[in-house]
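Beneath this line is the structure, given in structure tokens, with notes to follow.
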Amino acid sequence: MIPFALLSPETGESLKADTPHSLRDAGTGARWPVIDGIPYLRTGRSDLVLRTLELLDAGKADLALEGLLADQDDWWTGPSADPLDLHELVRDREKLTLRDAVRLLGWGRVGDYFVHRWSDPTYLAGLALLEAHWNDPVCVFEFACGIGHYLREFALRGLKVAGADVVFAKLWVARHWVVGTGAQLVCFDAGSPHWPIPEAPVDLVVCNDAFYFLDDKADVLDNLRQNAGDDGWLVLSHIHNSGRPGFSAGRAVSAAEIEELFPDGLVYDDADLMRALVEARAPSPRAPSELTGVEAFSVVAGPGMRPAPRAIVDGITLPRAGTRLRLNPLYAPDPAGGYRIAWPSERYEAEYGGLATYPVHSEGPETLDWAGGVAAPGVERVRTREYVDLPERW
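By the count of numbering that gives the first Met the number 0, the sequence shown reaches residue 393 at its end, each step adding exactly one.
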């Protein structure tokens with residue numbers, strides 16, 4: 000865990016614990032709720048903040064939690080979560096699976112992406128970029144961390160980790176099903192008047208599949224650079240290209256904007272990063288002007304980055320030795336024998352089917368004891384994500 004010194008997103012004053020479930024603004028005395036160690040610092044939610052604090056002060060922590068779990072980001076277009084489903088989730092959280100949690104939260108197609116992200120092309124591109132420039136960081140902060148897929152990989156390798164997201168429910172799911180209690184998690188808006196974690200220099204700052212959503216990209220990037228400090232580095236992967244329409248919402252950027260935002264960056268085509276992972280080679284950075292037709296950009300920047308990418312062979316893209324891997328849950332039994340991909344939705348297939356690194360058909364078995372290393376049995380099946388390392392309560 001990285002013990003961030005938090006500031007009020009409204010005033011910039013220091014926040015200090017005044018009860019086990021709240022923080023207080025040192026200047027104004029305003030309070031902010033904390034549940035399961037996750038501060039809720041969203042601005043523009045004063046009624047929700049007040050109601051949550053009233054319930055927490057009254058000893059009704061589960062009801063307070065249900066209220067925060069219903070909160071969504073401004074891009075959400077799906078229905079609101081069913082209050083009865085949220086009550087069931089909170090009541091039975093110790094025995095439910097990650098898939099149960101996603102279903103009860105009513106995340107729909109977004110939930111499909113979360114539960115299968117361990118083999119999603121966008122996720123793998125980010126892992127490949129990290130490995131290509133890996134320099135043994137100690138402390139990692141992930142902005143827009145979602146339910147903590149990357150944080151889990153970092154934590155399993157002994158790194159101190161912290162993450163932030165605008166949706167409290169995602170952080171709460173990360174805490175209970177993906178990362179555990181060892182991560183510092185904070186809920187806040189990127190566009191807050193004050194960045195709540197300015198004095199938090201870390202070795203590595205990560206943002207995957209989210210940067211294109213942001214309004215004030217230059218301001219957010221400046222804050223992330225401050226978090227990385229004078230010696231850290233930044234990895235921002237899968238930034239949608241405005242020159243090539245895709246599936247996701249957000250405010251995509253052009254190749255020219257990438258060049259302006261990252262004058263010190265090495266820029267990659269996401270698709271090349273995935274191919275480099277499968278082919279066990281180094282990816283090739285290119286000038287932004289040469290990438291005008293790609294689906295998405297990935298960038299590494301900052302003084303702490305490696306000056307040149309190395310081959311993606313046996314680093315963070317492969318599971319730890321000794322891990323029991325499971326057959327990718329996208330596979331279902333094939334009546335003709337073995338297993339065949341069964342897409343969770345038509346949209347998922349349309350977005351990822353053509354980019355998938357795993358084969359359409361697998362002979363199994365359902366688990367694989369992974370010895371680790373480039374010569375281990377099954378290494379190619381692991382590299383392509385035919386087999387994946389899933390959380391225990393997946």
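We put the CB at the ideal spot given by N, CA and C, even for glycine.
Under three-state DSSP, which class holds residue i?
i, result
"residue 196", "coil"
"residue 225", "helix"
"residue 38", "strand"
"residue 81", "coil"
"residue 120", "helix"
"residue 257", "helix"
"residue 378", "helix"
"residue 167", "helix"
"residue 323", "strand"
"residue 216", "helix"
"residue 148", "helix"
"residue 185", "strand"
"residue 351", "helix"
"residue 283", "coil"
"residue 175", "helix"
"residue 111", "helix"
"residue 479", "Nothing in the structure corresponds to residue 479, since the chain is present only between 0 and 393."
"residue 61", "helix"
"residue 132", "coil"
"residue 230", "coil"
"residue 271", "helix"
"residue 191", "coil"
"residue 300", "strand"
"residue 180", "coil"
"residue 401", "In this structure the chain extends from 0 to 393, so residue 401 is not present and cannot be described."
"residue 310", "coil"
"residue 370", "coil"
"residue 99", "helix"
"residue 17", "strand"
"residue 344", "coil"
"residue 89", "helix"
"residue 387", "strand"
"residue 293", "coil"
"residue 201", "coil"
"residue 317", "coil"
"residue 125", "helix"
"residue 69", "coil"
"residue 143", "coil"
"residue 12", "coil"
"residue 365", "coil"
Per DSSP, which one or two residues make a beta bridge with residue i?
i, result
"residue 207", "236"
"residue 426", "As shown, the chain starts at 0 and ends at 393. That puts residue 426 outside it, with no answer to give."
"residue 31", "22"
"residue 332", "338"
"residue 241", "Residue 241 is not bridged to any residue."
"residue 360", "339"
"residue 265", "299"
"residue 252", "240"
Can residue i and residue j be called in contact, C-beta distance under 8 Å?
i, j, result
"residue 140", "residue 204", "yes"
"residue 347", "residue 385", "no"
"residue 187", "residue 364", "no"
"residue 279", "residue 309", "no"
"residue 268", "residue 293", "yes"
"residue 177", "residue 158", "no"
"residue 57", "residue 32", "no"
"residue 254", "residue 287", "yes"
"residue 240", "residue 296", "yes"
"residue 162", "residue 182", "yes"
"residue 104", "residue 68", "yes"
"residue 66", "residue 50", "yes"
"residue 54", "residue 195", "no"
"residue 180", "residue 242", "no"
"residue 111", "residue 143", "no"
"residue 77", "residue 107", "yes"
"residue 160", "residue 311", "no"
"residue 225", "residue 244", "no"
Below 8 Å on the Cβ atoms is my contact criterion, and I expect residue i with residue j to pass it. Report the Cβ-Cβ distance as a whole number of Å.
i, j, result
"residue 329", "residue 118", "7 Å"
"residue 370", "residue 320", "6 Å"
"residue 222", "residue 149", "In fact, because the Cβ distance is near 19 Å, the residues do not count as touching under 8 Å."
"residue 85", "residue 95", "At roughly 12 Å, the Cβ-Cβ gap does not stay under 8 Å, so residue 85 and residue 95 are not in contact."
"residue 326", "residue 283", "Their Cβ separation, rounded to whole angstroms, is 32 Å, which puts residue 326 and residue 283 out of contact at 8 Å."
"residue 232", "residue 301", "4 Å"
"residue 10", "residue 175", "Not a contact, Cβ separation roughly 31 Å."
"residue 277", "residue 383", "6 Å"
Give a yes or no on contact between the stretch 122-130 and the stretch 98-105, applying the rule of three or more CB pairs nearer than 8 Å. No, the stretch 122-130 does not touch the stretch 98-105.
Three or more C-beta pairs under 8 Å: does that hold for the stretch 35-43 against the stretch 173-189? yes
Three or more C-beta pairs closer than 8 Å, one from the stretch 201-221 and one from the stretch 273-291: is that the case here? no
For the stretch 166-174 and the stretch 190-201, state whether three or more C-beta atom pairs, one from each stretch, are separated by less than 8 Å. no
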